[in-house]
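Working notes for the structure below.
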Amino acid sequence: MKKTLTPLLKVALTFAILWFVLRKIDIDLLKSSLQTASPVWLLCAFILFNLSKIASAFRLNIYFRTIGLKLKESYNLILYYVGMFYNLFLPGGIGGDGYKIYLLNRHFRHGVKPLFQAVLLDRLSGLAALVFYAASLFAFSHYARLLGAWALWAALAASMLVFPVAYYATKYLFTSFLPVFKTTMIWGLGVQLLQLLCAWAILCSLSIDHALFEYLTLFLISSVAAVLPLTIGGVGVRELTFLYGLETIGEEPSLGVTFSFLFFMITALSSLLGLFALGRVTPDISEKRS
């Protein structure tokens, strides 16, 4: 019953939020923006997005090697894209991360706990980099000026403290992963930078050349919000973030929602690549575990 209701509730909530957002914006402007978006810049955004996912897969494999699981980079990348496919198109099931843990434990008998820790830390390293960039951009955006000096200092404090907090959390809770802390955090910063460049390319495709700090700040905040398992692939949550975020500073929210739709389309097309890799997720005999 729960397995049936969970995806149905996600679908219902996704459509309810989208319906609400679409009632609040200029639909004609959204349509014209989609129609006139530069395909060249969108192609650049697609490439940058997938480069970020390739970098994410490399980072995850560092965690796997730390627990003694040695996977070929090519196989790990295939598994990563299959996980993306499960996350987006099968939201009510085991999920991409759960699928990776299940499959690797089944074939390598490496233990669910260390695999879970590796996947969890991979997510947390990405979240730490995301918070760092989001807080840094927020501090220099119009939002900090609207909220006052306390918001500026809070954002700067968050950007400075996120990595020390992550370090001590790793040191005391995941000690075996401490030797790769610095390396994985650098990879995390690289991943999120590629995501930011992807977002910038989408803005260029829409000829948005103003309020860039604000758009990129909202993009990162919406990425954090989209992690919550409330809707399908974060759809609706991102649009809602842009709707209220842009209205707050007097910007046209329709362009922000258009941006969000385009980002989702790039995500969906990239995740579909995992569908074609489903037949290759069984490791070959060259894959070994320590």
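Using our numbering, the first residue of the sequence shown is number 1162, and each one after it goes up by one. C-beta: ideal position from N, C-alpha, C; glycine also. For clarity, every value in this text was computed on a predicted model and none was experimentally measured.
Query raised in the report: Does the Cβ of L1416 lie closer than 6 angstroms to at least one heavy atom of the ligand FAD?
Result: This structure simply doesn't include the ligand FAD, nor any ligand for that matter.
Requested in this report: Can you say whether G1440 is buried or exposed, counting buried as having 16 or more other CB atoms within 10 angstroms of its CB?
Outcome: exposed
Report task. Any chance you could list the alpha helix (DSSP H) runs of at least 4 consecutive residues sitting entirely within the region 1353-1411, in chain order? Result -> 1373-1387, 1398-1409
Requested in this report: Would you decide whether G1411 is buried or exposed? Buried here means 16 or more other CB atoms lie within 10 Å of its CB.
Outcome: exposed
Query raised in the report: Which of the three DSSP states, helix, strand or coil, is assigned to D1258?
Result: helix
Query raised in the report: Between the region 1321-1338 and the region 1253-1268, are three or more C-beta pairs nearer than 8 angstroms?
Result: With a cut-off of 8 angstroms, the region 1253-1268 and the region 1321-1338 do not count as touching, because too few Cβ pairs lie within range.
Query raised in the report: Terminal residues of the continuous alpha helix (DSSP H) containing R1306?
Result: Annotation: the continuous alpha helix (DSSP H) that includes R1306 extends over 1303-1308.
Requested in this report: Could you say if the region 1355-1369 and the region 1187-1206 meet the contact criterion of at least three C-beta pairs nearer than 8 angstroms?
Outcome: Remark: three or more beta-carbon pairs, one from each stretch, lie closer than 8 angstroms, so the region 1355-1369 and the region 1187-1206 are flagged as touching.
Query raised in the report: Taking the continuous alpha helix (DSSP H) assigned at P1340, which residues delimit it?
Result: No alpha helix (DSSP H) contains P1340, which DSSP labels as neither H nor E.
**Report entry** chain C within 7 angstroms of A1315, Cβ atoms only
**Finding:** Protein chain content of the structure displayed is limited to a single chain, and chain C is not contained in it.
Query raised in the report: Is it the case that the Cβ atoms of F1437 and I1363 are separated by a distance below 7 angstroms?
Result: no
Query raised in the report: alpha helix (DSSP H) containing L1298: first to last residue?
Result: Unbroken alpha helix (DSSP H) run through L1298: 1273-1300.
Query - Reference L1413; option with closest CA among V1396, K1343, L1190 - result: In the sequence as displayed, the identity of residue 1413 is Glu instead of Leu. It is L1190 whose Cα lies nearest to the Cα of E1413.
Query raised in the report: Which term fits P1275, buried or exposed, when burial requires 16 or more other beta carbons within 10 angstroms of its beta carbon?
Result: buried
Requested in this report: Using alpha carbons as the reference points, say which of F1335, A1305, Y1304 lies closest to L1281.
Outcome: Per the Cα distances, F1335.
Query - Candidates R1184, L1169, S1286, Y1247, of which the one nearest A1216 by Cα - result: S1286
**Report entry** Element boundaries [alpha helix (DSSP H), containing D1189]
**Finding:** From DSSP, the alpha helix (DSSP H) with D1189 extends over 1188-1197.
Query raised in the report: Is the Cβ-Cβ distance between L1373 and A1360 less than 7 angstroms?
Result: A distance of 7 angstroms or more separates the beta carbons of L1373 and A1360.
**Report entry** Reduced DSSP secondary structure (H/G/I, E/B, other) of T1443
**Finding:** coil
Requested in this report: Pull up the distance between the alpha-carbon of F1380 and that of P1200, whole angstroms please.
Outcome: 21 angstroms
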